Amino acid sequence: MKCKNIKIVFILCLSLIGIGLSFSKTLLFSNFSDKNVNIENSSIEYNDITIISDNSTNYFYGYSSYPASTIDNEGNIHVVWSDDTIGEWGGGTNLQEIMYAKYIEGSGWSNPKVISDGYNGVYWNVGWAMDPQIFVDINGSIHVVWYDAAPGPWGEGGSFTEIFYVNYTETFGWSNVTVVSDGYNGDYWNENLNYLPSISGDEDGNIYVLWTSEENLMFVNYTKTNGWSNVSIVNNNHASSKGSAMDNNGLLHIVWQTFELGSFSICYANYSEINGWSDYIVLSNEFNDDSRKPDIVIDINNTIHVVWHDETDGSWGSDDEIVYIFNNGTGWSNGTIISDDETNWNKGQSRNPDIAIGNNGNIYVSWEDLTNGTWGDDKEIMFSFLMNGLNWSKAMVISDDDTNWNNDDSFRSSINIDISNNIHIVWQDDTDGIWGVDSEIMYNKISIEDLSPDINHPEDIEYEEGMTGNIINWTATDLNPKNYTIKRNGNNIDNGTWISGNPISIDVSGLIVDIYNYTLNTSNLYGYWSSDTVYVTVHPIVDPILDLEDDFSYTEGESGNYINWIASDLFPNTFSISRNGSEIDSGTWTNMQLYFVNIDGLTPGIYEFIFNVSDKLENWDSDTIIITVEEKNKPSIPFGNFWVLYTLISIVGLIIYVKKKKL
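Numbering-wise, the working numbering comes out as the position in the sequence shown, counting from 1, plus 133.
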């Protein structure tokens with residue numbers, strides 16, 4: 134925001150009016166372009182935390198504060214905050230603008246974009262913009278409100294702030310600014326400090342805005358038929374810090390803090406177009422000290438859930454704690470402390486809660502907490518969740534870890550749950566880092582897997598019918614283990630409680646030939662669960678098959694002589710090899726692996742090798758191979774002896790011939 138003389142700015146505003154800018158029931162000021170600052174990287178990843186208000190170029194080096202967030206029906210995350218980064222829009226100390234960023238799965242975070250200034254390069258907003266709130270309707274249109282000290286026809290700005298509104302649609306981009314706290318029918322009557330806005334809407338496109346004006350709780354609404362309404366007063370008793378939510382019947386429910394009977398109390402009322410505002414009731418009567426910073430959410434059954442932080446002392450100690458109550462149609466419940474338990478482990482201040490609800494009906498609350506722990510003694514963001522309306526989880530720190538990298542304050546959190554029930558939290562953080570020494574907006578995502586028990590995955594099992602000792606051993610871990618069930622082909626066969634880190638086992642022997650699936654389901658105290666499936670295949674009984682090569686011979690002294698053998702069976706066990714009745718080798722064998730038996734070095738002779746293979750059911754097969762080892766250089770008949778033999782044979786033949794002649 135560029136610092137200019139207020140009179141000049143006011144003249145500029147009047148000039149713009151004169152050239153066609155129309156002020157009717159409410160003030161419209163400046164169309165906003167979709168021009169984004171061209172930054173190479175739009176965020177910084179650090180220790181599983183994302184800094185969304187800065188990037189690796191450290192372009193957005195200003196002080197980022199007051200984040201608010203929401204999630205649309207497609208799971209996109211929308212975040213707004215106040216930022217005093219200096220740029221073409223101006224900026225600097227006490228000259229903050231409202232910035233916006235969006236996260237799309239697969240694309241990541243967009244660059245921060247100024248939405249409170251800068252139509253067609255004209256930067257008219259020379260005030261400071263603070264505390265934005267955001268809402269996305271069922272059509273994906275974005276609605277943002279904040280309080281702004283910019284001067285204009287509504288006043289001189291400065292300490293007289295107004296509530297500004299913009300929206301965004303895919304067709305038209307960002308809308309004109311609308312001043313909703315003043316200027317109805319051209320009458321600028323509101324000379325108060327207007328601040329702490331909240332915004333919500335219904336399925337018909339109606340928008341509802343509340344804020345504090347001095348000590349009054351103010352209200353306007355927008356309908357497609359009538360546009361923005363005039364301002365009305367909901368409560369005039371030191372009212373501030375409010376939250377609002379819509380139910381399925383189009384009824385607006387609000388909570389706020391007000392000064393009642395010497396302390397701050399939490400009040401509730403509802404509104405409908407037909408009946409207007411109901412009488413308000415006090416929700417915090419059971420607490421006798423200040424109750425502050427309420428927030429509200431409504432589930433699909435129209436049960437109302439409210440949280441706030443409370444300064445009342447009790448069994449939880451004298452520190453501030455987070456209180457939760459609900460109304461399911463039968464009246465308001467008693468308050469439950471969700472930031473501490475009977476052990477009184479949380480001794481720090483727990484403040485500024487934000488509440489959200491998942492598609493599974495679970496309630497989630499985040500807040501800032503000054504309790505000391507392994508994370509250090511700075512403020513951290515904690516959250517807790519209510520599973521199935523039963524028990525609240527123990528508070529968990531999500532802005533730091535045991536390394537204590539986050540060594541400065543984390544505060545002003547905003548929590549949302551996506552369609553897959555993953556948890557998304559943004560907050561303001563003063564920790565220094567590669568992003569600089571300014572305050573930044575940080576983001577963390579907690580998936581269902583992060584909250585569910587961890588289970589190992591044993592290997593699938595195969596065995597032959599009749600084999601024993603086939604056992605599945607799972608190991609699950611969780612800080613709060615509860616129950617387990619084991620199903621075979623969808624039917625429960627075992628259940629019980631489990632201990633983190635101890636095996637969960639089942640013997641799967643004794644089955645008939647078939648394929649089975651065994652599924653383990655483990656749950657923790659808060660209803661989150663994990664599962665793992667192991668397949669068991671039981672094969673029919675089949676003898677192993679042994680294959681040997683044919684008999685062969687080799688000459689004494691030759692090398693490289695091997696008997697090759699291979700056997701097949703799904704469950705091989707042992708083998709033995711004997712030579713002429715004496716065992717020469719034994720061990721275990723592997724299905725369809727080729728083995729070689731070296732038979733070099735044998736003396737001349739005939740050898741019988743018998744191979745035996747068995748499987749795990751002691752089925753077996755056997756085969757025999759005959760190996761002949763021939764004598765090396767076996768002598769033939771010498772040449773001289775050959776003539777002696779020839780002569781002898783000739784003489785014998787001659788004698789026989791002579792005798793026959795005489796006869």
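We treat Cβ as the ideally placed atom computed from N, Cα and C, and that holds for glycine. Owing to the predicted nature of the structure, the values given are computational and were not obtained by experimental measurement.
Outcome for residue i when other beta-carbon atoms lying within 10 angstroms are tallied against a minimum of 16
i	result
Ile717	exposed
Val746	buried
Lys235	buried
Lys357	exposed
Ser308	buried
Leu329	buried
Glu454	buried
Val415	exposed
Gly629	exposed
Gln266	buried
Glu573	buried
Gly566	buried
Ser451	exposed
Same chain, Cβ closer than 6 Å to residue i, neighbours up to 5 away in sequence not counted
i	result
Tyr341	Ser333, Asn354, Leu385
Asp541	Asp511, Asp563, Thr564
Gly338	Lys357
Gly447	none
Ala528	Ser472, Met515, Ser517
Thr666	Asn650, Thr652
Asn694	Tyr687, Ile732, Asp733
Asn349	Ile366, Asn369
Start-to-end residues for the beta strand (DSSP E) that takes in residue i
i	result
Tyr668	662-672
Val430	424-431
Gly734	It is not in any beta strand (DSSP E) - Gly734 carries neither H nor E in the DSSP assignment.
Asn577	573-579
Ser411	It is not in any beta strand (DSSP E) - Ser411 carries neither H nor E in the DSSP assignment.
Trp214	210-216
His557	556-562
Met600	Here Met600 belongs to no beta strand (DSSP E), and DSSP marks it neither H nor E.
Ala489	483-490
Asp680	678-681
Lys749	Where Lys749 is concerned, there is no enclosing beta strand (DSSP E), given that its DSSP letter is neither H nor E.
Asp565	Where Asp565 is concerned, there is no enclosing beta strand (DSSP E), given that its DSSP letter is neither H nor E.
Ser197	197-204
Asn622	No beta strand (DSSP E) contains Asn622, which DSSP labels as neither H nor E.
Asn258	That residue, Asn258, is in no beta strand (DSSP E); it is neither H nor E in DSSP.
Pro636	636-640
Asn549	543-550
Thr652	647-657
Ile231	230-237
Closer than 8 Å: residue i CB and nearest the ligand PLP heavy atom
i	result
Asn258	For the ligand PLP, the structure offers nothing, since it holds no ligand at all.
Of the listed residues the options, nearest to residue i (C-alpha basis)
i	options	result
Cys400	Ser373, Asn382, Gly409	Ser373
Asn467	Thr536, Gly291, Tyr457	Tyr457
Asn403	Phe397, Asn418, Ile433, Asn368	Asn368
His211	Asp551, Arg425, Val530, Asp446	Asp551
Thr707	Ile696, Asn724, Ile758	Asn724
Asp198	Thr218, Thr469, Ser585, Asp583	Inspection of the sequence shows that residue 198 is occupied by Ser rather than by Asp. Among Thr218, Thr469, Ser585, Asp583, the Cα nearest to that of Ser198 is on Thr218.
Ile296	Thr302, Gly260, Asn272, Trp525	Gly260
Trp344	Tyr728, Asn359, Asn325, Lys375	Lys375
Ile490	Asn554, Lys578, Gly285	Asn554
Ser585	Tyr661, Asp535, Met520	Tyr661
Gly239	Trp214, Gly464, Glu207, Met232	Glu207
Thr507	Thr536, Thr476, Glu501, Asn381	Thr536
Asp205	Asn272, Thr304, Ser711, Leu727	Asn272
Val313	Phe352, Glu475, Thr736, Glu763	Phe352
Glu741	Trp538, Trp279, Ser711	Ser711
Chain-order list of residues whose beta-carbon lies under 8 Å from that of residue i (same chain, five-residue window excluded)
i	result
Thr436	Phe459, Asn460, Asn461, Gly462
Leu644	Glu598, Val669, Val671
Trp753	Asp676, Pro677, Asn745, Val746, Ser747
Trp322	Asp315
Asn169	At Asn169 the pLDDT is 32, less than 50, meaning the model places this residue with poor confidence; the figure from the coordinates comes in the next sentence. Around Asn169: Ser243, Asn244, Lys246.
Trp478	Thr504
Beta-carbon proximity list for residue i, same chain, < 7 Å, skipping 5 on both sides
i	result
Ile632	Pro614
Leu503	Gly481, Gln482, Lys512
Ser175	Annotation note: pLDDT 49 at Ser175 (below 50); position unreliable, coordinate value reported separately. Result list for Ser175: Asn188, Gly241, Trp242, Ser243, Asn244, in chain order.
Pro591	Ile605, Asn606, Trp607, Val667
Item to check | Every unbroken beta strand (DSSP E) within the stretch 279-338, with a cutoff of 3 residues, ordered by chain | outcome: Segments of the beta strand (DSSP E) lying fully in the stretch 279-338: 295-302, 310-312, 327-334.
Checklist entry - Which ranges would you report for the beta strand (DSSP E) in the stretch 692-722 if only whole runs of at least 3 residues count? => result 695-701, 705-712, 715-721
Next on the checklist: To test your reading of the DSSP string, which unbroken beta strand (DSSP E) runs of 3 or more residues are found completely within the stretch 434-522?
Outcome noted: 437-443, 454-460, 483-490, 496-502, 513-520
Item to check | In chain order, each beta strand (DSSP E) run of at least 3 residues that lies wholly inside the stretch 337-421 | outcome: Listed in chain order, they are 340-346, 349-356, 365-368, 373-379, 385-393, 396-405.
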